[in-house]
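Undergrad:
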Amino acid sequence: MTAAALDRRRFLAGTAACLAAGIAGAKTPAAPALPSLGAWTSLDKAALLAASGYGFVEEEVDRFLLPDKPDAAFEAARAAARAAPIPVRTLVRLLPPSLQSVGPDTAHDGIVTFCETVFARARRAGVETVVFGSPRSRRIPEGFPRATAQAQLIDLCKRLGPIAQAHGVILALEPLNHTETNFINRVSEGGAIVRAVGHPSVGLVADLFHMRMEDEGPASLIENGPLIRHVQIAEKQGRRAPGVAGEDFSAYFEALRSIGYARRLSVECLWSDIAQEAPVATRTIRAQYPAAAGKAARG
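Here the sequence shown stands for residues -26 to -1, 1 to 273, numbered as in mature numbering (1 follows the signal peptide of the UniProt record, and there is no 0).
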């Protein structure tokens, strides 16, 4: 065989190998990395979280944004957040019980005014997602038509979506288990509401604790994947941090991986000893999450 013929054969073999690799890569896309990990606690625990491998703090609307306080009070809280080693990126506990979302005594105008302040301050503080759980605000009074309550909540979220969008934040509706509220207990129910709202700034939370309390399997994550904007986690037993009782979340994590979820994942649990449990939770999540690697990034 001549040198020219040998070179041609090598070229063709190399080209075939590259094409085969490209086809294989197209059929099997790389799994997304572990979502950015955070934890629900107060901002003063930010250094502890950072040392335990977390990338953000999940704070509370009232405690962090101080929506009922003058702007000067909020600016002091924002300055403290800027000095923290990791940022506040998500907020929970949106509405007080006095602002009713559904029922005969709704306060939608008051909620809109309240949320204008919340979303504006959230944006200034670098918050990305405001979780709409608020179980007592959305509890359906006895005898009140469920269909009417559903229509009320959809109308409210349709009003809040454009305000959230104007401030560059996401309003994420959180299904809560039946021991906390009697309305929107499953991800599938929350997904139906979010679809009816149909606004890009109104999304869905998938809390694995509430899902397991409702015996809702990982399939709901796949069915509602395009709507999910935030994920939370705690063990079903006592709502403890992952790793305390040793519960297995791998099936839910695999579902998140399969939909390409790459947003944020926060540990929202009842801390017994956060200094001890926070690092256990990160190790547990990393051990169970597919393709988990590296430390959580700041931001």
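In this text, a Cβ means the ideal position worked out from N, Cα and C, and glycines have one as well.
Check each candidate in V35, A51, A58 and P59 and name the one with the smallest Cα separation from E90.
TA: The candidate whose alpha carbon is nearest that of E90 is V35.
Undergrad: Given this structure, state the Cα-to-Cα distance separating G164 from I128, to the nearest angstrom.
TA: Going by the C-alpha atoms only, they are around 11 Å apart.
Undergrad: For A249, which residues of its own chain have a beta-carbon under 8 Å away from its beta-carbon, when the five flanking residues on both sides are left out?
TA: Closer than 8 Å at the Cβ level, and outside the excluded window around A249, lie L22.
Undergrad: Report the residue from I196, L134, L150 and N151 whose alpha carbon sits nearest the alpha carbon of I144.
TA: Minimum Cα distance to I144 is reached at L134.
Undergrad: I think H204 touches A252, with their Cβ atoms under 8 Å apart; what is that distance to the nearest whole Å?
TA: That pair is no contact at about 19 Å.
Undergrad: Let me make sure I understand the geometry here. Which of V66, R63, F88 and A58 has the alpha-carbon closest to that of S72?
TA: S72 has its Cα closest to that of F88, out of V66, R63, F88 and A58.
Undergrad: Under a three-way DSSP split, which group does V161 fall into?
TA: In this structure, V161 counts as helix in the three-state DSSP scheme.
Undergrad: Ignoring anything shorter than 4 residues, give me the alpha helix (DSSP H) runs that lie fully in the region 113 to 177, in order along the chain.
TA: Here the runs fully enclosed are 120 to 140 and 161 to 171.
Undergrad: Would you kindly work out how many angstroms separate the C-alpha atoms of A53 and R237, rounded to a whole number?
TA: Roughly 26 Å separates the two Cα atoms.
Undergrad: Classify L68 as helix, strand or coil using the three-state DSSP reduction.
TA: Of the three classes helix, strand and coil, the one that applies to L68 here is coil, per DSSP.
Undergrad: With a Cβ-Cβ cutoff of 8 Å, do F30 and P61 count as a contact?
TA: A contact, by the Cβ cut-off of 8 Å.
Undergrad: Quick check on this structure: which residue in Q74, G234 and R112 has the alpha carbon closest to the alpha carbon of I196?
TA: It is G234.
Undergrad: Which residues does DSSP list as the beta-bridge partners of W14?
TA: Bridge partners of W14: E32.
Undergrad: When you compare each of A99, F48, Y263 and L244 to S232 by their alpha carbons, which one comes out closest?
TA: If we check each option's Cα against that of S232, Y263 comes out closest.
Undergrad: My understanding is that A57 touches F38, with C-beta atoms under 8 Å, so please give their C-beta distance in whole angstroms.
TA: With a Cβ gap of about 14 Å, A57 and F38 do not count as contacting.
Undergrad: Restricting to Cα atoms, I'd like to know which of I202, L201, G217 and P200 is closest to A208.
TA: Looking at the Cα atoms, G217 is the closest of the given residues.
Undergrad: Pull up the distance between the alpha-carbon of A(-1) and that of P70, whole angstroms please.
TA: For A(-1), the predicted structure reports a pLDDT of 36, less than 50, and the residue's modelled location is therefore unreliable. A value from the coordinates is still provided. Approximately 49 Å, taken between the alpha carbons.
Undergrad: Assuming F106 contacts G77 (C-beta within less than 8 Å), just tell me the rounded distance between them.
TA: Actually they do not touch by this definition, with Cβ atoms about 16 Å apart.
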